[in-house]
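**Q**
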Amino acid sequence: MTGHQTVLPLLIRVSGRDRPNLTREVLELLGRAGAVLEDMEQLVVRERLTLDVLVRLDGADDALVRDVLYWGFTHDMQVDFERVAAVSSRAGLMRHAVTVLGRPLTPSSLAAVAEAVAATGGNIDRIVRLATEPVTAYDLVVIAGDVEAMRRALGAVAQAERIDVAVQVNGLERRAKRLVVMDVDSTLIVDEVIELLADEAGCGAEVTEITARAMAGELDFEGSLRERVRLLAGLDEAAVERVRRRIRLTPGARTFVRTLKRLGFVVGVVSGGFTPFTDSLRAELGLDHAYANTLEVRDGRLTGEVLGPVVDRARKAALLTQIAADEGVPLSQTVAVGDGANDLDMLAAAGLGIAFNAKPVVRAQADTTLSVPYLDAILFMLGIRGADVERVTAAEDPAAGATTPTEVRA
């Protein structure tokens, strides 16, 4: 075999048990042979290494092949060689990140995802495992054929397999997202605060019925909010404090916020709820922004009125835009998370709108959906790996997460 017989670059694949200095030793062999490095990729799975190195050789490569084979033999590594096209026909094509999450995520579910990609003219370029806890998550880097057809096909797979699939352009903007704004009730927390207040006021059934219709988009939000708040007239501040102590963080909420903050994100909440609770959450979690409705209080009791403009669907979107402008973050680099019809405009305005365990009307219109009950699973949709989350968690003082409200893994 001589290098003069062909000008095609040589792909060298090294595989076997990983250990320190393997990559350096291979590259040193290539350097001594005068090889020109064209491309390189390495992957380690459960201590098993696969190293692909694409090189161009201007002279005879017999010595290089012999040296690499001998090195592989003495280090118990498998070495394979292949001549490949000098320029990939896929070079320069736009990649999309297809993030797949499940609990569990079975091989058959991943096979259905791969089939949907292939059936719409796409090709999977790379697969990276993002996490195994609290969900299993993989990022598939895909060269799409018909992107919209792929989205539809993957949506059907997600529904049939009961998994979550998000499709995003795999460019710098995905990794550049720097502002996350969330709804509060049934998103950051598992409760609906107004229903807890109604329990204290003895009008729980009436308020729950109105809330359900409003979140499903059947009622005007502002009108329904004012109607519900009027039922709370006469409730004292002690009852409000009791409710504040009862609210529970969504599983993964503390980890979600802590990780985002450590990675330099700005994090805020925009709520159709009330300021006593959002202010408490802001202090508890170190949020950068918190907006909600203000309950009127006289002589220590609720009057049943809301002061100032109501944080409704349109105002949520306006507040997202305002926060982004205040922080100097383009809207394309923002993420909005919510579950109800009141969040739709905010989800549409953000660079990425995520429907979290959302009502059907919201799932149908959001950029992507998440149906697992863990808020920190959103991190994987941003391309953040579970190992990165673990490092952030390990760096924190364990006592820092021991205060109320509580967050419990299901």
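Taking our numbering, the leading residue of the sequence shown gets 624, the next gets one more, and so forth.
Just so you know, even glycine gets a beta-carbon here, dropped at the ideal spot from N, CA and C.
(1) Within its chain, find whatever has a CB closer than 7 Å to the CB of residue 986; leave out the 5 residues flanking it on each side and keep chain order.
(2) Where in the region 753 to 815 do unbroken runs of the alpha helix (DSSP H), each at least 4 residues long, occur, reported from the N-terminal end onward?
(3) Taking 8 Å as the cut-off, does the region 869 to 885 touch the region 837 to 855 (at least 3 CB pairs, one atom from each stretch)?
(4) Helix, strand or coil for residue 1027? Go by DSSP, reduced to three states.
(5) By Cβ distance, which residues of its chain are closer than 6 Å to residue 928, with the 5 residues on each side in sequence left out?
(6) With DSSP run on the structure shown, which of helix, strand or coil describes residue 693?
(7) How about residue 897 and residue 867: do their beta carbons lie closer than 7 Å?
(8) What three-state label does DSSP hand residue 897 in the structure shown?
(9) Determine the direct distance from the alpha carbon of residue 859 to that of residue 669, and round the result to whole angstroms.
(10) If we count Cβ pairs, one from each stretch, closer than 8 Å, do we get three or more for the region 931 to 942 versus the region 762 to 772?
(11) For residue 662, count the other beta carbons within 10 Å of its own beta carbon; 16 or more makes it buried, fewer makes it exposed. Which is it?
(12) Alpha carbon to alpha carbon, how far is residue 997 from residue 1033? Give it in angstroms, no decimals.
(13) Are the region 998 to 1008 and the region 722 to 736 touching, with three or more C-beta to C-beta distances below 8 Å?
(14) In terms of DSSP beta bridges, what is residue 649 paired with?
(15) Check the C-beta distance from residue 672 over to residue 641 and give it rounded, since I have them as a contact under 8 Å.
(16) Identify the residues that DSSP records as bridge partners of residue 976: which are they?
(17) Tell me whether the beta-carbon of residue 952 lies closer than 7 Å to the beta-carbon of residue 802.
(18) Cutting at 6 Å between CB atoms, please list the residues of its own chain near residue 895, excluding the five before and the five after it.
(19) With which residues is residue 926 paired in a DSSP beta bridge?
(20) Residue 915 lies in the beta strand (DSSP E); which residues open and close that run?
(21) Count the other CB atoms, across all protein chains shown, that sit within 10 Å of the CB of residue 791; report buried if there are 16 or more and exposed otherwise.
(22) Distance, Cα to Cα, residue 908 vs residue 881?
(23) Rounded to whole angstroms, what is the Cα-Cα separation between residue 634 and residue 705?
(24) Using the three-state DSSP reduction, which class does residue 705 fall into: helix, strand or coil?
(25) For the alpha helix (DSSP H) holding residue 998, just list the boundary residues, first then last.
(26) Report the rounded CA-to-CA distance for residue 674 versus residue 696, giving the unit in angstroms.
(27) Just checking my contact of residue 649 with residue 676 at CB under 8 Å: how many whole Å lie between their CB atoms?
(28) Provide the residue span of the alpha helix (DSSP H) that contains residue 866, from first to last.
(29) Return the Cβ separation of residue 814 and residue 808 in integer angstroms, given the expectation that the two are a contact with Cβ distance under 8 Å.
(30) If the criterion is Cβ atoms closer than 7 Å, does the pair residue 743 and residue 776 meet it?
(31) Less than 7 Å between the C-beta atoms of residue 658 and residue 680, yes or no?
(32) On the criterion of 16 or more Cβ atoms from any shown chain inside 10 Å, does residue 793 qualify as buried, or is it exposed?
(33) Given a cut-off of 7 Å on the beta-carbon distance, is the pair residue 981 and residue 962 in contact?
(34) Is the beta carbon of residue 869 closer than 7 Å to that of residue 819?
(35) In the structure shown, what three-state DSSP assignment does residue 1019 receive?
(36) I want to check one thing, is the minimum distance from the CB of residue 1009 to the heavy atoms of the ligand SAH below 6 Å?
**A** Walking through what the data contain:
(1) Counting only Cβ-Cβ distances below 7 Å, and skipping sequence neighbours, we find 978 and 992.
(2) Taken in chain order, the unbroken stretches of alpha helix (DSSP H) that lie wholly in the region 753 to 815 and span 4 residues or more are 770 to 784 and 795 to 799.
(3) Proximity of the region 837 to 855 to the region 869 to 885 falls short of the contact definition, fewer than three beta-carbon pairs being nearer than 8 Å.
(4) Only weak support exists for where residue 1027 lies, its pLDDT of 46 falling under 50; the value from the coordinates is given anyway. Coil, per DSSP.
(5) Hits under 6 Å: 919.
(6) Note: residue 693 maps to helix in three-state DSSP.
(7) Not a contact, by the Cβ cut-off of 7 Å.
(8) Strand.
(9) Near 58 Å, if we compare the C-alpha coordinates of residue 859 and residue 669.
(10) Contact check between the region 931 to 942 and the region 762 to 772: fewer than three CB pairs, one atom from each, fall below 8 Å, which does not count as touching.
(11) Exposed is the call here.
(12) Here residue 1033 scores only 39 on pLDDT, less than 50, and its place in the model should not be relied on; the value that follows carries that caveat. Whole-angstrom Cα-Cα distance: 9 Å.
(13) As far as the Cβ criterion goes, the region 998 to 1008 touches the region 722 to 736, which means the pair count is three or higher.
(14) None, per the DSSP bridge assignment.
(15) Rounded to whole angstroms, the Cβ separation of residue 672 and residue 641 is 4 Å, and the two are in contact under 8 Å.
(16) 959.
(17) Cβ distance < 7 Å, so residue 952 and residue 802 count as in contact.
(18) Leaving aside the five residues that flank residue 895 on each side, the residues in its chain whose CB is nearer than 6 Å to its CB run, in chain order, 934 and 965.
(19) DSSP output for residue 926 lists no bridge partner at all.
(20) Element bounds for residue 915: 912 to 921.
(21) Classification for residue 791: buried.
(22) Roughly 8 Å separates the two Cα atoms.
(23) Approximately 5 Å, taken between the alpha carbons.
(24) DSSP places residue 705 in strand when its eight states are reduced to three.
(25) No alpha helix (DSSP H) contains residue 998, which DSSP labels as neither H nor E.
(26) Roughly 16 Å between the two C-alpha positions.
(27) Distance from residue 649 to residue 676 at the Cβ level is roughly 7 Å; contact confirmed, criterion being Cβ atoms closer than 8 Å.
(28) For residue 866, the uninterrupted alpha helix (DSSP H) run begins and ends at 860 to 869, by DSSP.
(29) Contact between residue 814 and residue 808 holds, with the beta-carbon distance rounding to 7 Å and staying under 8 Å.
(30) In contact: residue 743 and residue 776 (Cβ atoms closer than 7 Å).
(31) Yes, the Cβ-Cβ distance between residue 658 and residue 680 is below 7 Å.
(32) Result: buried.
(33) Taking 7 Å as the cut-off, the Cβ atoms of residue 981 and residue 962 count as close.
(34) Yes, these two residues count as a Cβ contact at 7 Å.
(35) Three-state DSSP puts residue 1019 in coil, outside helix and strand.
(36) What this structure holds is no ligand at all, so the ligand SAH is not there to describe.
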